[in-house]
Structures are given as C-alpha cells and as structure tokens.
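Novice: First, the structure itself, so that you have it in front of you.
Numbering (the working numbering), first residue to last: 3 to 157.
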C-alpha cells in the first residue's frame, strides 16, 4: 500500500524532514538515569562514609593503599564521594537547583579518573576496574542530566 491511504510507521516518520526519531522515549531515559543515580549514590555514599569515618589503620588493613597515602587525602576522597552521592539525589528529589546533579556526576567522573590513574600507576589492574565502571556510569548521568533528560526546578 502506498500513497495517502497508508499510515505512517516509525521507520517512515524517522525519514521525514524535521522529524526527530526517538528509539527510547524520554521517560525511559529518565527512569534509566534515576536508576543509575540511585545505584551510584549508594556505591559512593558507602565508599565515602567508609573512607571518611573508618580509622585509617582499618582502611589500610582492608584496602592496602590507604596505609601509603596521607590521611588527609583519604578523608578528602571520602568527603568528595559522600558529597557527590548526595548531589546525585537531593537536587533532583527536592527540585531545588537540579542542575547540581550533573555537576555532582561530573565531579565523580573526575574522582574516578584520578582513582583509575592512581591504581594503574601502581599496577593494580583489578582495583582500577571499578573506577572505570563507576566513572562511565557517572559520565552517563552527567550527559543525561545535561543533554537528554534534564530535571526541572520547582516552580
């Protein structure tokens, strides 16, 4: 069937000029971003609290590298991770300055790039993998909340 009597299918509408073809509706992207944000907030929240509040000797016994690093650096990393975890969730949930979510995600990307470099320089390939995965997920959130599905502020 061709011509005017034929209904448009998605493949047809994607080829029309000035038509944007979305293979995933924006609500699906939004739900995916929220799921990743919650998982990242849990991971960074726990890791940050652990580095911030555990005695350095306990951290060194469990992870090794904290025994060879300044305690101030370890506490700063913990604070950064905890702040990033809060920044992934609170601005969006409260709808107060939700653009802070993409900044928190971008900050966590920086933390993970530095962690990745730190572990690779030390030859700790297995320890570098979580940094790579978490950094990629944080980059997805930063991109998604700035480009694909930004959150609206409360009116």
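Glycine residues also receive a C-beta, built at the ideal position from the N, C-alpha and C atoms.
Does DSSP put residue 83 in a helix, in a strand, or in coil?
Specialist: Residue 83: helix per DSSP, three-state reduction.
Novice: Enumerate in chain order the residues of its own chain whose CB-to-CB distance from residue 146 is below 7 angstroms, with the five nearest sequence positions on each side excluded.
Specialist: 31 and 35, listed in sequence order.
Novice: To which residues of the same chain is residue 133 closer than 6 angstroms at the C-beta, ignoring the five residues directly before and after it?
Specialist: Closer than 6 angstroms at Cβ, skipping near neighbours: 114, 117 and 118.
Novice: Give every residue of the same chain whose Cβ lies closer than 6 angstroms to the Cβ of residue 79, excluding the five residues on either side of it in the sequence, and list them in chain order.
Specialist: Excluding positions up to five away in sequence, the list reads 53.
Novice: Check this for me: beta carbons of residue 98 and residue 155, under 8 angstroms apart or not?
Specialist: Their beta carbons are under 8 angstroms apart, which means residue 98 touches residue 155 by this criterion.
Novice: So the candidates are 139, 61 and 106; which of them puts its Cα closest to the Cα of residue 49?
Specialist: For residue 49, the nearest C-alpha among the options comes from 61.
Novice: Output needed for residue 122: all residues of its chain with C-beta closer than 6 angstroms, excluding positions within five of it in sequence on either side, in chain order.
Specialist: Closer than 6 angstroms at the Cβ level, and outside the excluded window around residue 122, lie 130.
Novice: In angstroms with no decimal places, state the Cα-to-Cα distance between residue 94 and residue 103.
Specialist: Using only the alpha carbons, I get a separation of about 7 angstroms.
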